[in-house]
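The numbering of the sequence shown is UniProt numbering, which starts it at 1 and goes up by one.
All C-beta atoms in this analysis are idealised placements derived from N, C-alpha and C, irrespective of residue type, glycine included.
Notes for the one structure printed next.
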Amino acid sequence: MLYAHLDQLRADADERLARTLREVSSLPQAMSLRDATVAELSAQRAQYDAVENGLCFGRLDFSRDAAADTTIYIGRMGLFDRDNDYEPLQLDWRAPAARPFYLATAASPQGVRRRRHIRTSMRKVTSIDDENLDISTTRDAATDDGLALGAAGETALLAALNATRQGVMRDIVETIQAEQDEVIRSALTGVLVVQGGPGTGKTAVALHRAAFLLYTHRELLARRGVLIVGPNATFLKYIGQVLPSLGETGVLLQTVGDLFPGVTATGLESQEAAEVKGRVEMVEVLRRAVGDRQVVPEEPLVIEVERVEMTLTPAEIAAAGDRARRSGRLHNHAREVFEREIVETLTRQEAQRLGAEFLDACDLADIRRELAADDEVRAAVAELWPTLTPQRLLTDLYADDDRLAAAMPEHPQAERALLRRAPEQPWTPADAPLLDEAAELLGVDDRAERARAAQRQRDAENYAQGVLDILQLEDEADPDILLAHDLIDAGRLAERQEDTDHRTAAERAAADRDWTFGHVIVDEAQELSAMAWRVLMRRCPARSMTLVGDVAQTGALAGADAWADVLTPYVADRWRRAELTVNYRTPAEIMAVATEVLTRVGAPVEPPTSVRESGHVPWSRRTTELAAAAAGEAARDREGTLAVLVPQRLADDVGAAVLGAVPDAAVGERPDLESRVAVLTVRQAKGLEFDEVLLVEPAAVVAESARGLNDLYVALTRATQRLGVLHTEDLPFELGPSPQRTVQSTQV
């Protein structure tokens, strides 16, 4: 019945879309309306397709006195009976009335008599589990671990947790837990920090929160958009299907390297270089770099204008620069002031040469105009106060030792050397925030574009006036008849011919550096540098943000040790914290090993409690042939996905060996996670999960970074079932045998 209604909605949308596409009109306004309708219908059509699998996953049966309707179905979108006064057939999981599906327990049934979990494969029901909440049991009533589901809920949850991974993240809409639901439905306003250890569902919660906020604040967020920032492109591809499966397709997903429009920063650099670039001190470095481009020569500057030599002294140039800076304008905008002052100085020289007493105001104006248009004068201004793009400023800075020394006089030579780079090298993710900061200091020189826009407007108005003139009746026409020019003028008629931008908010925001979002969600937020946070705060001046992460997993040298360090400069103590404490991904056997590492990390967080055991004890094996051993393990015929996690220095060797044994294995900087086997560095594995993890040379992982233990903690907690370790060097102390280490587990 529900799928029949979905099919009808899809058919209606298809019919309206086809009919709308056939519409043709000579009126731009009508065509603009048609395009808007096409965009709306296409979005509806995409939503219907997105919810096809798993349309309905739950049912609530209420006690007779709890509600007028005794049965409610829960699914990915709301469905209503149009032939019966729009009676609800299925509730959207985000609707307030659907919340008991996630929160009701035997101890607090919220009027629910029975909760049914429905699992489907496309349109076929594969299993049904019922919970009778009016029969109290010890197991059903136990909710201290944050889990609200009873016995049948456990079955649904554990089935999802134990299912093999497919290379892309799946939504958890059927199995959202109580503490996750609290975060998902938290208020839109303010900064919410979601601290959670590995496997607690931080990413899933963040994505479902995005879907929930778009449902409850549709008008605002559809207009301003939602930005989700992830740690790398592989991660964004991994999570890319979650929101569409929840019926949301208008969210912008980016990495930090994508935050500066027009630049895709995918270059590689050392962690030490990224750390220097990520410091907040780089704001002052860039300010000095801009000031260094405002040149005052040591010797007088001679300019030949119409075969006449004119001279600008250093004092005159410095005075012009001071006036430009005192204007308070950004560098590129202040160039107009500087140019005007230089032209005025040269005008006085020329007036004295010609005899100022014989010149009037019109003569002086002509001289100014000619000097301003002279190629030599313009070249001199461009040399003394160049128009700069952020890309040119940074490229020139990185390529010149003298410029680096001028901009970073207090930094050691070794740190300046980390930034030294040839102009042809690609931008790195750490460069994107610097480019954005440079844009804040430089401003956009849009004089040429403004002039072109003004000319286009004049041309459109002239054309419109011509149309109105044609429509004029002859003089002998009846004066009581309203004419076209009585109803509209040329300016308004021209406006009606302008093309309307039908791109989504996400599409427009991706191309607009000045765009401000209605809400920003940051995953692996602990990894962001101080400079990256400055960019995001500019993108969200309302400070409506959800930040999810785990300071115990901070791997970037420029990352955060505590959330207060990140947020205090922007919102002081006006932020709230939620904690996810239950580990759904990592089995207790693996978490026992990882907890030893967490203890040495020293982060002020408690390890999450695992809800299950996998039955597979983590193992380690010493070998002198790491690459060959890794390839042998990768080639074993096992169900599910395998990640071979390696230190950066071994990535190429191990990747080549694994690729030889498993030809379709995913390797390289942007691996395809839909392959069964993937070779990744720990940095690439951030936020991902696999059925099995093979960790190669953990001692090298620890040694590669000042935060090596954090990286080791991340590597150990990517597996949902099995963990193995291959090593040549001695294992880090935390992975060695320990009689105190015990496997702990908590029942769901």
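As assigned by DSSP and simplified to three states, the class of W563: Numbered from 1 along the sequence shown, position 563 holds the residue referred to as residue 563. Reduced to three states, the DSSP call for W563 is helix.
Option nearest A36 by Cα separation, candidates E704, R503, P608, D561: In the sequence shown, counting from the first residue as 1, residue 36 sits at position 36. Considering only alpha carbons, the answer is R503.
First through last residue of the alpha helix (DSSP H) which encompasses L659: Within the sequence shown, the letter at position 659 stands for residue 659. Taken as a continuous stretch (DSSP letters only), the alpha helix (DSSP H) holding L659 covers 651 to 661.
Neighbourhood of P732 by C-beta distance below 7 Å, restricted to the same chain and skipping five residues each side: On the sequence shown, position 732 is the one that residue 732 refers to. So the qualifying residues of the chain are P698, A699, V702, L712.
Of the residues Q294, N332, T234, the one placed nearest P314, counting alpha carbons only: Counting from one through the sequence shown, the residue named residue 314 turns up at place 314. The shortest C-alpha separation from P314 is found at Q294.
Cut-off 8 Å between Cβ atoms - residues of its own chain near I128, not counting five sequence neighbours on either side: Taking the sequence shown and counting its residues from 1, one reaches residue 128 at position 128. Cβ within range, chain order: R116, H117, I118, R119.
Own chain partners of L214 with C-beta closer than 8 Å, once the 5 adjacent residues on each side are dropped: Here residue 214 refers to the residue found at position 214 of the sequence shown. Counting only residues of its own chain and dropping the five nearest sequence neighbours on each side, L214 has a CB closer than 8 Å to the CB of L221, A222, V226, E248, G250, V251.
Anticipated Cβ contact below 8 Å, Q721 with G640, distance rounded: Within the sequence shown, residue 721 is the residue found at index 721, counting from 1. Within the sequence shown, residue 640 is the residue found at index 640, counting from 1. In this structure Q721 is in contact with G640, their Cβ atoms being roughly 7 Å apart against a cut-off of 8 Å.
When H5, E15, A530, L394 are compared against C56, the one with the closest alpha-carbon: Within the sequence shown, residue 56 is the residue found at index 56, counting from 1. Comparing Cα-Cα distances from C56 to each of H5, E15, A530, L394, the minimum goes to H5.
8 Å Cβ cutoff met for Q195 and D565: For the purposes of this step, residue 195 is taken as residue 195 along the sequence shown, with counting starting at 1. For the purposes of this step, residue 565 is taken as residue 565 along the sequence shown, with counting starting at 1. Not closer than 8 Å, so no.
Of the residues A97, R94, A678, the one placed nearest D691, counting alpha carbons only: The count along the sequence shown starts at 1 and reaches residue 691 at position 691. The shortest Cα separation from D691 among A97, R94, A678 belongs to A678.
Touch test, the stretch 70 to 79 against the stretch 94 to 112, Cβ-Cβ under 8 Å, three pairs minimum: With the rule of 3 Cβ pairs closer than 8 Å, the stretch 70 to 79 counts as touching the stretch 94 to 112.
Where K686 sits in the DSSP three-state scheme: The count along the sequence shown starts at 1 and reaches residue 686 at position 686. For K686, the three-state secondary structure derived from DSSP is coil.
Cβ neighbour criterion (16 or more within 10 Å) applied to N583: One-based indexing of the sequence shown puts residue 583 at position 583. N583 should be labelled buried.
As assigned by DSSP and simplified to three states, the class of D282: Residue 282 sits at position 282 when you count from the first residue of the sequence shown. It should be noted that the sequence gives Met, not Asp, for residue 282. Residue state, collapsed to three classes: helix.
The stretch 180 to 192 in contact with the stretch 560 to 574 per 3-pair CB rule at 8 Å: Three or more Cβ pairs closer than 8 Å define a contact, and the stretch 180 to 192 meets that threshold against the stretch 560 to 574.
For R722, the residue or residues it bridges with in DSSP: Residue 722 sits at position 722 when you count from the first residue of the sequence shown. Within the DSSP secondary-structure output, R722 pairs in a beta bridge with E692.
Under 8 Å between C-beta atoms of A552 and N710: As a position in the sequence shown, residue 552 is number 552, starting the count at 1. As a position in the sequence shown, residue 710 is number 710, starting the count at 1. For A552 and N710, yes; Cβs fall inside 8 Å.
Assumed close pair N332, V444 - CB separation to whole angstroms, cut-off 8 Å: Position 332 of the sequence shown, counted from the start, is the residue given in the question as residue 332. Position 444 of the sequence shown, counted from the start, is the residue given in the question as residue 444. Indeed, because the Cβ distance is near 7 Å, the residues count as touching under 8 Å.
Residues bridged to P671 (per DSSP): Residue numbering aside, residue 671 sits at position 671 when the sequence shown is read from its first letter. According to DSSP, which records beta bridges pairwise, P671 is partnered with nothing at all.
Contact between the stretch 40 to 53 and the stretch 154 to 168 (3+ Cβ pairs under 8 Å): Touching, no.
Distance, A273 Cα to A510 Cα: Stepping through the sequence shown from its first residue, residue 510 is reached at position 510. Stepping through the sequence shown from its first residue, residue 273 is reached at position 273. Approximately 27 Å between the Cα atoms of the pair.
Validate contact between the stretch 392 to 404 and the stretch 413 to 433 using beta carbons, cut 8 Å, 3 pairs: Verdict: yes, contact present.
Same chain, Cβ closer than 7 Å to D12, five either side skipped, listed in chain order: For this step, residue 12 is matched to residue 12 along the sequence shown. Answer for D12: no residue qualifies.
Buried or exposed (CB count within 10 angstroms, at least 16 for buried), A361: Here the question's residue 361 lines up with position 361 in the sequence shown. Classification for A361: exposed.
Span of the alpha helix (DSSP H) around Q349: Here residue 349 refers to the residue found at position 349 of the sequence shown. Counting along the chain, the alpha helix (DSSP H) containing Q349 begins and ends at 331 to 354.
Exposure label - residue 750; buried when at least 16 CB within 10 Å: There is simply no residue 750 to check, as the chain begins at 1 and stops at 748 in what is shown.
CB contact flag (A657, A685, <8 Å): Here the question's residue 657 lines up with position 657 in the sequence shown. Here the question's residue 685 lines up with position 685 in the sequence shown. Between A657 and A685, the C-beta spacing is not below 8 Å.
Nearest residue (CA-CA) to D730, options V696, A706, A719, D7: The sequence position of residue 730 within the sequence shown is 730, counting from 1. The candidate whose alpha carbon is nearest that of D730 is V696.
Three-state secondary structure assigned by DSSP to W619: The sequence position of residue 619 within the sequence shown is 619, counting from 1. W619 carries a strand assignment under DSSP once its states are collapsed to helix, strand and coil.
Bounding residues of the beta strand (DSSP E) (the contiguous stretch that carries F62): Counting from one through the sequence shown, the residue named residue 62 turns up at place 62. It spans 56 to 62 - the beta strand (DSSP E) in which F62 sits, taken as one unbroken run.
Proximal residues to L434 (C-beta, below 7 Å), its chain only, five neighbours per side dropped: If you number the sequence shown from 1, residue 434 lands on position 434. Excluding residues within five positions, the ones whose Cβ falls inside 7 Å are K277, M282, L286, L394, M531.
E357: first and last residue of the uninterrupted alpha helix (DSSP H) it sits in: Counting from 1 along the sequence shown, the entry for residue 357 is found at position 357. Segment: none, E357 is in no alpha helix (DSSP H) and carries neither H nor E.
Coil, strand or helix - L133 by DSSP: Your numbering for residue 133 matches position 133 in the sequence shown. The answer is coil: DSSP assigns L133 none of H, G, I, E or B.
Contact under 8 Å by Cβ, L253 with V173: Position 253 of the sequence shown, counted from the start, is the residue given in the question as residue 253. Position 173 of the sequence shown, counted from the start, is the residue given in the question as residue 173. No.
Cα-Cα separation between R670 and I367, rounded to whole angstroms: Locating residue 670 in the sequence shown gives position 670, counting from the first residue. Locating residue 367 in the sequence shown gives position 367, counting from the first residue. Those two C-alpha atoms are separated by around 60 Å.
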